[in-house]
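Numbering (full-length UniProt numbering), first residue to last: 1 to 66. Virtual Cβ for every residue (Gly too), placed ideally from N, Cα, C.
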Amino acid sequence: MHIDIDKDVCIGAGQCALTAPDVFTQDDDGYSTLLPGRADGGDSPLLREAARACPVSAITVSHTVG
Ligand code: SF4
1 MHIDIDKDVC
11 IGAGQCALTA
21 PDVFTQDDDG
31 YSTLLPGRAD
41 GGDSPLLREA
51 ARACPVSAIT
61 VSHTVG
């Protein structure tokens, strides 16, 4: 999995960190960021849920090949 957070779009609502706290966290400014070592989302089943929960669709989850 590959996770993209569009920080130009993110409004710091924090829904992603609430929904998938094992993948997302919030930086000092309140914007979404990935936890260290979680750039690929691990295998968190909450990942897609978090992407859906984002009110501004700032999170893109895509399959990586290979
Ligand atoms: S849910 Fe969306 S808007 Fe809110 S912090 Fe996460 S990426 Fe940003």
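Any non-hydrogen atom of the ligand SF4 closer than 7 Å to residue i Cβ
i: Ala-13; result: yes
i: Ala-20; result: no
i: Val-56; result: yes
i: Ala-39; result: no
i: Ile-3; result: no
i: Ser-44; result: no
i: Ser-62; result: no
Bridge-paired residues (DSSP) for residue i
i: Asp-4; result: Thr-60
At 3 residues or longer, what runs of the beta strand (DSSP E) sit wholly inside the stretch 17-64? With a minimum length of 3 residues, the continuous beta strand (DSSP E) runs that stay inside the stretch 17-64 are 24-26, 32-34 and 59-62.
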